[in-house]
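**Q**
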Amino acid sequence: MARKLPAQPEVNIGLVGHVDHGKTTLTQALSGVWTDTHSEERKRGISIKLGYADTAFYKDGKGQFYATGKRPDGGKDVEKELERVVSFVDAPGHETLMAIMITGASIMDGAMLMVAANETCPQPQTREHLMALEIAGIENIVIVQNKIDLVSKERAMESHAEIKAFLKGTIAQDAPIIPVSAHHDVNLDVLIEAIEATIPTPDRSKDKRSIMHVARSFDINRPGTRPAKLRGGVIGGSIVEGEFSEGDEIVIGPGRKIEKGNKSTWEPIEAVVSSMQGGGLNLNTMHAGGLCGMATFLDPSITTSDNLSGQVVARKGDLPEVHSNVSISVNLMSHMVAGDGESPEKIQPLRNNEMLMLNVATATSVGTTRNAEKGRTDLELRLPICADKGQRISLSRRIGSRWRLIGYGTIE
C-alpha cells in the first residue's frame with residue numbers, strides 16, 4: 158500500500174557552504190522553490206535571512222530516487238513510492254553573516270555542505286561552516302560537489318581529492334561526496350539516495366515539553382488594512398520538542414523590554430495560537446520536524462520585521478530560564494580560520510572585560526567577559542537569552558572589522 162504524504166516534513170536539512178557555491182540553486186532544483194525571497198537578497202544575489210523549502214523524495218520500482226515527483230531524466234512519470242518529506246534550510250554563505258549560519262544550525266537535523274568544483278577547496282567560509290556544524294553537533298553530513306558542468310573531468314577529480322584532504326580528521330571525514338550540477342539537474346537522484354542513507358529522521362518524542370525556536374516573525378497585513386480586518390502576528394521557526402495545537406496558551410521569552418525609571422527588565426509575552434501552517438497546509442497540531450508557521454492573536458507590531466527572531470516559544474510552564482548573566486565552560490579552537498592569503502592565527506585565551514558575540518539556538522547576543530579563566534568565564538549579556546543548562550553556544554571575537562568564530566561554550 159502506497160505511503161500517504163505526511164502533513165508536515167519529517168526532517169530539517171541545512172544547506173551550507175561558501176557564497177555562490179550553489180546552495181539556493183540546489184534548493185530550487187530539489188524542491189522547485191527559490192529561497193531568495195527578500196528584495197535585498199535578489200538585488201545582491203545572496204541570501205540574507207534563512208530560506209526554507211519543503212520537498213518530497215520518491216523512489217520508483219527500479220530503485221531510482223527523485224524529488225517532488227519529477228523524473229530526473231525528464232522522461233514520462235512512472236509509478237513511485239513516497240520515501241520521505243524533508244525541509245531544506247538554506248543558510249547564507251557570506252562570512253560576515255556567519256552568525257546567521259550558526260543560527261540555522263540550531264534547527265538542522267543534518268546538512269549538505271556545498272563545494273564548487275570550479276574553485277579550490279577549501280574556501281574560507283567552507284572551513285567556517287564545517288566548524289559551525291561541528292559546534293552545533295551536526296554529524297549527519299553529505300558533501301555536494303557542485304558545478305561539475307563547468308570543469309573538465311580532470312579538474313573534477315582534482316577537486317574531489319582536495320575535498321577528501323580537507324575533510325580528513327573532521328566530523329565529516331567519512332561523509333559521502335556526491336558530484337552534481339544543480340543548474341542542469343545532473344546526479345540529483347544519486348544525491349537524494351545519499352541523503353536518505355546518511356541523514357535519518359530523528360526519533361522525536363511528543364511527550365516532552367513543547368519548545369519552538371523562532372527564526373522569523375511577520376506582520377502579514379497589507380498597508381491600509383482596516384482595523385476590523387487586521388490579522389494577528391505570525392511567528393515562524395522550528396519546533397524542537399513536543400507539539401503545539403490551535404488554541405494553546407503560549408509564552409514567548411525573553412519577551413519584550415520594559416523600561417521602569419532608570420531600570421529595564423524583560424517580560425515574557427503571553428499569547429494564544431490561532432492557527433498553524435506547515436508544508437503549505439493548515440494544521441490543527443504540529444510536532445517537531447520541518448518548519449512551522451504559527452499565527453497568534455498578538456498585535457502585529459510585536460512580530461513585524463523579525464522582531465521576535467531569536468526568541469523561544471513554549472507552552473505555559475515549559476519556558477527555559479531567561480539569563481541576563483550566564484556562566485559557561487569554554488572550548489576554544491587552537492587557530493582562527495584562515496582566509497584567502499592568510500596564515501592561521503593562533504587564538505588567544507579569553508581576557509576579562511572582552512566583548513564576545515554568542516549564538517544560542519536562534520538567538521544572537523553580545524556579552525562582556527567577567528572572571529575569565531582557563532576553560533570558563535562569566536558573561537554579562539547586552540540582550541538576555543532563553544536557554545537551558547547544558548546548551549551549547551558559539552563564541553565569536555571581533556577581529557578587525559568582523560566577528561570571527563573562536564570556539565564554543567556550554568551553559569553551566
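For the sequence shown, the working numbering assigns the number 158 to the initial residue and increments by one for each residue that follows.
Each residue gets a CB set at the ideal place from its N, CA and C atoms; glycine is no exception.
Since the model is a prediction, treat every value here as computed from it, not as a measurement.
What span of residues does the beta strand (DSSP E) with Thr422 cover, start to end?
**A** Element bounds for Thr422: Lys420 to Gly435.
**Q** Using the beta-carbon count (16 or more within 10 Å), is Pro425 buried or exposed?
**A** With 16 or more other Cβ atoms within 10 Å, it is buried.
**Q** Does the Cβ of Phe214 have 16 or more other Cβ atoms within 10 Å, making it buried, or fewer, making it exposed?
**A** Its Cβ being crowded by 16 or more others within 10 Å, Phe214 is buried.
**Q** Give every residue of the same chain whose Cβ lies closer than 8 Å to the Cβ of Val337, excluding the five residues on either side of it in the sequence, and list them in chain order.
**A** Leu183, Val301, Gln302, Asn303, Ile305, Val343, Asn344, Leu345, Val347 and Leu348, listed in sequence order.
**Q** What would DSSP say about Gln221, mapped onto helix, strand or coil?
**A** The answer is coil: DSSP assigns Gln221 none of H, G, I, E or B.
**Q** Which two residues bound the contiguous alpha helix (DSSP H) that contains Lys180?
**A** Run containing Lys180: Lys180 to Ser188, per the alpha helix (DSSP H) assignment.
**Q** Taking Thr355 as part of the beta strand (DSSP E), name the residues at either end of that continuous run.
**A** Not the beta strand (DSSP E): Thr355 falls in the alpha helix (DSSP H), residues Leu345 to Thr355.
**Q** Could you please give the first and the last residue of the uninterrupted alpha helix (DSSP H) stretch that includes Arg284?
**A** From DSSP, the alpha helix (DSSP H) with Arg284 extends over Pro281 to Ala293.
**Q** Evaluate contact between the segment 463–477 and the segment 365–372, counting only Cβ atoms and requiring at least three cross-stretch pairs below 8 Å.
**A** Because the criterion of three Cβ pairs below 8 Å is met, the segment 463–477 and the segment 365–372 touch.
**Q** Measuring CB to CB, does Thr355 end up less than 7 Å from Val299?
**A** Contact: yes.
**Q** Look up Leu307 in the DSSP assignment and say whether it is helix, strand or coil.
**A** Residue state, collapsed to three classes: helix.
**Q** Would you be able to state if there are at least three C-beta pairs under 8 Å between the segment 542–549 and the segment 561–568?
**A** Taking 8 Å as the limit for Cβ pairs, the verdict is that the segment 542–549 does touch the segment 561–568.
**Q** Can you find a C-beta in chain C that's less than 7 Å from the C-beta of Asp463?
**A** Within the model displayed, chain C is absent; a lone protein chain is all it includes.
**Q** For Arg241, I'd like the list of residues in its chain whose CB is within less than 6 Å of its CB, leaving aside the five on either flank, ordered along the chain.
**A** Around Arg241: Glu167 and Phe214.
**Q** Do three or more CB pairs link the segment 428–444 to the segment 480–488 at distances below 8 Å?
**A** No, they do not touch.
**Q** How is Asp463 classed by DSSP in three states: helix, strand or coil?
**A** Of the three classes helix, strand and coil, the one that applies to Asp463 here is helix, per DSSP.
**Q** Compute the Euclidean distance between the alpha carbons of Val408 and His317, then round it to the nearest angstrom.
**A** Near 48 Å, if we compare the C-alpha coordinates of His317 and Val408.
**Q** Have a look at Glu530 and Leu507 and give me their C-alpha separation to the nearest angstrom.
**A** Answer to the nearest angstrom: the Cα atoms are 7 Å apart.
**Q** What does a CB cutoff of less than 8 Å around Leu455 pick up in its chain, not counting 5 residues either side in sequence?
**A** Here the set comprises Gly389, Gly390, Ile426 and Ala428.
**Q** Taking the alpha-carbon positions, what's the Glu291 to Lys325 distance?
**A** When rounded, the distance between both Cα atoms is 14 Å.
**Q** So Ala575 is in the beta strand (DSSP E); what residue range does that whole segment cover?
**A** Nothing can be reported for residue 575, as the shown portion of the chain is limited to 158 through 569.
**Q** What residues are listed by DSSP as bridge partners for Lys216?
**A** Answer by DSSP bridge pairing, in chain order: Phe222 and Glu238.
**Q** Rounded to whole angstroms, what's the CA-CA distance from Gly557 to Pro333? Just pull it up for me.
**A** Straight-line Cα distance between these residues: approximately 36 Å.
**Q** Less than 7 Å between the beta carbons of Val538 and Ser553, yes or no?
**A** Strictly speaking, residue 538 in this sequence is Leu, with Val absent from that position. No.
**Q** Looking at the unbroken beta strand (DSSP E) that takes in Phe401, where does it start and where does it end?
**A** Note, Phe401: beta strand (DSSP E), Glu400 to Ser402.
**Q** Do Met265 and Gly171 have their CB atoms nearer than 7 Å?
**A** Yes. Within cutoff.
**Q** Between which two residues does the beta strand (DSSP E) carrying Ala372 extend?
**A** Per DSSP, Ala372 belongs to the beta strand (DSSP E) from Ile368 to Phe375.
**Q** Can you name, in chain order, every residue of its own chain whose Cβ lies under 8 Å from the Cβ of Arg413, other than the five neighbours on each side?
**A** Cβ neighbours of Arg413 beyond the five flanking positions: Trp423, Glu424, Ile426 and Ile459.
**Q** With distances taken Cα to Cα, identify the nearest neighbour of Gly294 among Thr526, Val517, Asn528 and Ile335.
**A** Residue Val517 is the option with its Cα nearest to Gly294.
**Q** For the beta strand (DSSP E) that contains Arg413, what are its first and last residues?
**A** Element bounds for Arg413: Glu406 to Lys417.
**Q** Give the secondary structure of Phe323 by DSSP, where H, G and I count as helix, E and B as strand, and everything else as coil.
**A** Of the three classes helix, strand and coil, the one that applies to Phe323 here is helix, per DSSP.
**Q** How should Leu513 be labelled, buried or exposed, when 16 other C-beta atoms within 10 angstroms of its C-beta is the threshold for buried?
**A** Looking at its Cβ environment, which holds 16 or more other Cβ atoms inside 10 Å, Leu513 is buried.
**Q** I need the DSSP call for Ser558, collapsed to helix, strand or coil.
**A** It is coil, neither helix nor strand.
**Q** Identify the continuous beta strand (DSSP E) that holds Leu513 and give its terminal residues.
**A** Leu513 -> beta strand (DSSP E) spans Met512 to Val517.
**Q** How should Met493 be labelled, buried or exposed, when 16 other C-beta atoms within 10 angstroms of its C-beta is the threshold for buried?
**A** Burial call: buried.
**Q** I need the straight-line Cα distance from His175 to Pro279, nearest angstrom please.
**A** Those two C-alpha atoms are separated by around 9 Å.
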